[in-house]
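As structure tokens, the structure follows; a few thoughts come after it.
Protein chains in written order, with my numbering: chain A, 59 to 214; chain B, 59 to 214.
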């Protein structure tokens, strides 16, 4: 049986860990198709939103609040797209879904990081799930350091 | 200034209201691209998830639990895709986002309602945002009645 991917993250998988508390881990996503895209992962293996405990659910609200403020204030995101899908887990049998959220910041105006300008070409429209990664490795590392440097001002 | 659509729903818009409490309304969606697709709408005008109060957030968990159970047990959904996007609100100036969730049940096996069989062609893959409506008006009415009939067994 294939192991649950999120229960067995390697150190390399965790290289962009922005914040972690008892219940949730927040990562900057490897794929930066939307600048500042993050993944919020339940630390415990829960298979659907309805399996989350009250404590996990309340702790999630603190994550939502902090992450929205971080990405709006530090990157200039106009708003965020939140989704909890877990479709990929159903490609294997038995499926092992593990609760996580995709968080895509969306930008009304171009965003500049160092010398590069990024555009959200589909702003005000559904995200493009096949959008290409917009950042090279060094830019991702720079973005991670920028967010990580500011994270304590937002997360409790 | 254009009115917030969700703050001014007509009786026709509310025809598929499945459940409502102090904080949230649950509708069967007009567009049944995924069978049993629902929309969960905040009754108060809140512009982002971080604006929700603790009471609203806790009440949302009850809705999540009830709706997952309803759609899995009554329709045979294998899992649900949850998303809170609100992109359309940014097509107008000033934007007036109003917190709501799209809930798409996903099916590993065909689902039969009355004499019609429906297939989730992209199961285990991201939903297709341009998927056509699968149900004609009478079938939607029948589906609504089926869910409405069972709703009190799931929602507190």
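Backbone N, C-alpha and C define an ideal beta-carbon position, used for all residues, glycine too.
Who are the near neighbours of residue i in its chain, counting only those whose CB is closer than 6 Å to its CB and skipping five residues on each side?
i	result
residue 104 (chain A)	110, 157
residue 95 (chain B)	87, 162
residue 186 (chain B)	180
residue 147 (chain B)	153, 154, 155
residue 178 (chain B)	164, 165
residue 65 (chain A)	103
residue 73 (chain B)	none
residue 75 (chain B)	85
residue 126 (chain A)	138
Give the straight-line distance between the Cα atoms of residue i and residue j, rounded to the nearest whole angstrom.
i	j	result
residue 204 (chain B)	residue 166 (chain B)	21 Å
residue 121 (chain A)	residue 154 (chain A)	24 Å
residue 192 (chain A)	residue 90 (chain B)	34 Å
residue 217 (chain A)	residue 59 (chain B)	In this structure chain A extends from 59 to 214, so residue 217 (chain A) is not present and cannot be described.
residue 61 (chain A)	residue 151 (chain A)	11 Å
residue 137 (chain A)	residue 182 (chain A)	10 Å
residue 195 (chain A)	residue 188 (chain B)	33 Å
residue 112 (chain B)	residue 68 (chain B)	28 Å
residue 101 (chain A)	residue 214 (chain B)	29 Å
residue 190 (chain A)	residue 160 (chain A)	16 Å
residue 70 (chain B)	residue 63 (chain B)	13 Å
residue 77 (chain B)	residue 97 (chain B)	11 Å
residue 206 (chain A)	residue 131 (chain A)	14 Å
residue 202 (chain B)	residue 210 (chain B)	14 Å
Contact check, residue i vs residue j under 8 Å by CB: the rounded distance?
i	j	result
residue 99 (chain B)	residue 115 (chain B)	Not quite, the Cβ-Cβ distance comes to about 15 Å (not below 8 Å), so this is no contact.
residue 128 (chain B)	residue 208 (chain B)	7 Å
residue 142 (chain A)	residue 107 (chain A)	6 Å
residue 139 (chain B)	residue 184 (chain A)	That pair is no contact at about 13 Å.
Taking residue i as part of the beta strand (DSSP E), name the residues at either end of that continuous run.
i	result
residue 205 (chain A)	Where residue 205 (chain A) is concerned, there is no enclosing beta strand (DSSP E), although the alpha helix (DSSP H) it sits in stretches over 195-208.
residue 212 (chain A)	Here residue 212 (chain A) belongs to no beta strand (DSSP E), and DSSP marks it neither H nor E.
residue 69 (chain A)	First-last for residue 69 (chain A): undefined, no H or E at that position.
residue 189 (chain B)	Taken as a continuous stretch (DSSP letters only), residue 189 (chain B) belongs to no beta strand (DSSP E), as it is neither H nor E.
residue 62 (chain A)	Premise fails: residue 62 (chain A) is in no beta strand (DSSP E) and is neither H nor E.
Considering only residues of the same chain and omitting the five flanking positions on each side of residue i, which have a CB-CB separation below 8 Å?
i	result
residue 172 (chain B)	197, 200
residue 175 (chain B)	168, 169
Quick one: residues in its chain with C-beta nearer than 7 Å to the C-beta of residue i, no 5 flanking neighbours on either side, listed in chain order?
i	result
residue 133 (chain B)	93, 94, 163, 169
residue 135 (chain A)	94, 129, 163, 164, 165
residue 212 (chain A)	124, 127, 128
query: Considering only residues of the stretch 87-169 of chain A, which uninterrupted beta strand (DSSP E) runs meet the minimum length of 3 residues and lie entirely inside it, listed in chain order?
result: 96-100, 137-142, 158-164
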